[in-house]
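Residue numbers (the UniProt record's numbering): 1 to 133.
Using N, Cα and C, we set each Cβ at its ideal position, and we do this for glycine too.
Because the structure is a prediction, the values reported are computed rather than measured.
Read through the structure below, which is laid out as structure tokens, and then see the notes.
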């Protein structure tokens, strides 16, 4: 385990969480590498950074489905594939959910991110947000 690398990868997910909770589509999009592949919570496949930004802007924008949603991410695992490639699995949950029953959290998901170290920073190259049923 590389503690410095793991800290940087954890920071990547923390910045993702912060962008989500502040509805900052640009900050979230900046976390992705050029030509990312992303499968969102609804199962839609996005293969272009501009298209991803448009989708993020819609869901976080005024009246968007995620505008008033706040989530937290807990890192479940970090798997190093090489010195510049890692897979992060994080558990997504609604922050301050009204129900104490975790099984009723409509935003509960496993976020999988393949992160690549590019030009001195970790970026999300491939991501998938899979709902937990």
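Near residue i, what residues of its chain come up, given a Cβ to Cβ distance below 6 Å and the 5 sequence neighbours on each side ignored?
i, result
"residue 19", "27, 28"
"residue 58", "64"
"residue 127", "38, 113"
"residue 70", "21, 95"
"residue 47", "37"
Kindly list the residues whose CB is nearer than 7 Å to the CB of residue i, restricted to its own chain and excluding five residues on each side of it in sequence; keep chain order.
i, result
"residue 72", "17, 93, 95"
"residue 75", "10, 13, 88, 90"
"residue 132", "108, 109, 110"
"residue 49", "29, 32, 34, 35, 36"
"residue 118", "33"
"residue 79", "86, 87"
"residue 23", "60, 67"
"residue 8", "122"
Looking only at its chain, what residues have a beta carbon closer than 8 Å to the beta carbon of residue i, apart from the 5 residues adjacent to it on each side?
i, result
"residue 45", "37, 38, 39"
"residue 53", "25, 26, 29"
How close, in whole Å, do the beta carbons of residue i and residue j come, if the pair is a contact with beta carbons under 8 Å?
i, j, result
"residue 60", "residue 129", "With 8 Å as the limit, residue 60 and residue 129 do not qualify as a contact, their Cβ atoms being about 14 Å apart."
"residue 85", "residue 116", "6 Å"
"residue 25", "residue 56", "4 Å"
Please check if any C-beta of chain C sits within less than 9 Å of the C-beta of residue i.
i, result
"residue 32", "Chain labels in this structure do not include chain C; a single protein chain is all it has."
Curious, which full-length beta strand (DSSP E) runs of at least 3 residues does the UniProt domain "DUF4440" (10–124) contain? 32–39, 71–82, 85–94, 109–118
Mind the definition here: the segment 18–35 touches the segment 116–127 only if three or more C-beta pairs lie below 8 Å; say whether that holds. yes
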